[in-house]
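Participant: The sequence shown begins at 1 in UniProt numbering and counts up by one. No residue lacks a Cβ here, since even glycine has one placed at the ideal position from N, Cα and C.
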Amino acid sequence: MKSLAARQPNRRLFLWIGLLLMVGFIAGFVWGRAFGYAEGRKDTMRAIELKTTESQPNSRPT
Numbered sequence: 001m002k003s004l005a006a007r008q009p010n011r012r013l014f015l016w017i018g019l020l021l022m023v024g025f026i027a028g029f030v031w032g033r034a035f036g037y038a039e040g041r042k043d044t045m046r047a048i049e050l051k052t053t054e055s056q057p058n059s060r061p062t
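1. How is F14 classed by DSSP in three states: helix, strand or coil?
2. Tell me the rounded alpha-carbon separation between M45 and L13.
3. Nearest-angstrom Cα distance between A27 and I17?
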């Protein structure tokens, strides 16, 4: 069985990795909310709708 002193660096490494991952997830979430993932999705859906209506020229309102 390893002593506490031998296990301490591993524990510290895992804590740092966990902390950095958590900060990364939070930063990504905040960035996504600030710069509008929802708006990007709306733009994508709008582009798909335009593409499908172009293939059906009679369905476009005049």
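Facilitator: Reading off the structure:
1. helix
2. 43 Å
3. 15 Å
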